[in-house]
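Colleague: In our numbering, the protein residues as written are 254 to 675.
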């Protein structure tokens, strides 16, 4: 199976004769074994299997395998949220005293996680303008830099990451590139094809697609060289697993195994079996939904760009976008369904517009089948001051519009009447 539409339905779970056609929910925290030797081999990482759902579960395992197949990775871990996926990835690689280089336009929650919470744990970060020259970006690196981070399509700035350029920059400094691929999904872009090493998602968004299940995932490309000498925790014995050496014992799966058996073991931020089941239901229709999101958003973005009351539209699918050339390279099938725009009347006009919508709903959410709107400065990015908002590429009066799967004429009609009242 090579086509993503087929993988979205069939990858991860292959029922045998007489078994359920639909992925079953293994609603159990524990699993029985007939010998102590069998359990010992699991705890010594000598065999794969299930013994406690915090580490692995048959339902969650099937969904992890499906997402790994969609992204073209060697393995994946489903987590309790997108923030948990980012946290798990970072602390698998970094410890107190280490440093991260991150794009300043990443999601506000990620910005806060890196710039505040992880800083208190001794992991420092430098936020950079991803449009700077290679020479300027290189100045952000330090001898203790361990990771580079960006988003394929930033939330809500909607800037497009030049993945190949950032991968080259990261690899020149012997560190991995982690890409948050939430808005693009593997249907629109597979960052591993352009040199990224780790991918994360908030599966709460398009992967679930129905505003039903919170979740996240991290996926390992299996291509980064952890044995370069810069990551001793990958190449030196782990005393908590009888001297396991991850690069020696697990080869190209060193990162994803270490993430599971260390970080997930100790922090427990894992997805539930039922949560994984709901995520799988969404994944089965991901390609078809993303096609519709993209086509609807293209028409809505063009409408907004031509409206007299709209001063600016951010959507990389527009020819006028400064990132349009990157969208053509990395997102040839479309730029997803999220648009951000600023009304000529500023913050007050934006509030009147949102309050006047009838079909579009005001929600602290994005990227599902229903059209919804949000004012980031007063909600998802509320923890940032105006200076930080601008650094993230967000105007204080910016409106984020998530275009749903309703008929596009109905969406346009609703936007038009609300703009009349703005």
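Built from N, CA and C at the ideal position, the CB exists for glycine as well.
Please state if the CB of residue 471 and the CB of residue 451 are separated by a distance shorter than 8 Å.
Modeller: Contact: yes.
Colleague: Please go through the same chain and pick out, in chain order, the residues whose beta-carbon is closer than 7 Å to the beta-carbon of residue 400, but skip the five residues on each side of it.
Modeller: So the qualifying residues of the chain are 343, 346, 347, 353, 428, 429 and 431.
Colleague: How about residue 557 and residue 566: are their beta carbons less than 8 Å apart?
Modeller: A contact, by the Cβ cut-off of 8 Å.
Colleague: Assuming residue 412 and residue 383 are in contact, meaning their beta carbons sit under 8 Å apart, how far apart are those beta carbons, in whole angstroms?
Modeller: Right, their Cβ atoms sit about 7 Å apart.
Colleague: Can you tell me whether residue 542 is buried or exposed? The criterion is at least 16 other CB atoms within 10 Å of its CB, across all chains shown.
Modeller: Buried is the call here.
Colleague: CA-CA distance, residue 285 and residue 302?
Modeller: Their backbone Cα atoms lie some 11 Å apart in a straight line.
Colleague: On the three-pair Cβ rule with 8 Å, is the segment 566-576 touching the segment 284-298?
Modeller: Touching, no.
Colleague: Just the Cα atoms here: how many angstroms apart are residue 612 and residue 600?
Modeller: Cα to Cα, residue 612 sits roughly 21 Å from residue 600.
Colleague: What would DSSP say about residue 275, mapped onto helix, strand or coil?
Modeller: Coil at residue 275, not helix or strand.
Colleague: Roughly how many angstroms lie between the CA atoms of residue 619 and residue 594, to the nearest whole one?
Modeller: Rounded to the nearest angstrom, the two C-alpha atoms are 15 Å apart.
Colleague: Answer with buried or exposed for residue 270, where buried requires no fewer than 16 other C-beta atoms within 10 angstroms of its C-beta.
Modeller: Classification of residue 270: exposed, given that the 10 Å Cβ count is below 16.
Colleague: Check the C-beta distance from residue 381 over to residue 356 and give it rounded, since I have them as a contact under 8 Å.
Modeller: Indeed they touch by this definition, with Cβ atoms about 6 Å apart.
Colleague: Using a threshold of 8 Å, state whether the C-beta atoms of residue 474 and residue 449 are closer than that.
Modeller: Yes.
Colleague: Over what stretch of residues does the beta strand (DSSP E) that includes residue 602 continue unbroken?
Modeller: It is not in any beta strand (DSSP E) - residue 602 instead sits in the alpha helix (DSSP H) that spans 599-609.
Colleague: Where do the ends of the beta strand (DSSP E) carrying residue 331 lie?
Modeller: Residue 331 -> beta strand (DSSP E) spans 328-332.
Colleague: For residue 399, which three-state DSSP category applies?
Modeller: Strand.
Colleague: According to DSSP, is residue 614 part of a helix, a strand, or is it coil?
Modeller: In the structure shown, residue 614 sits in a strand (DSSP, three-state: E or B).
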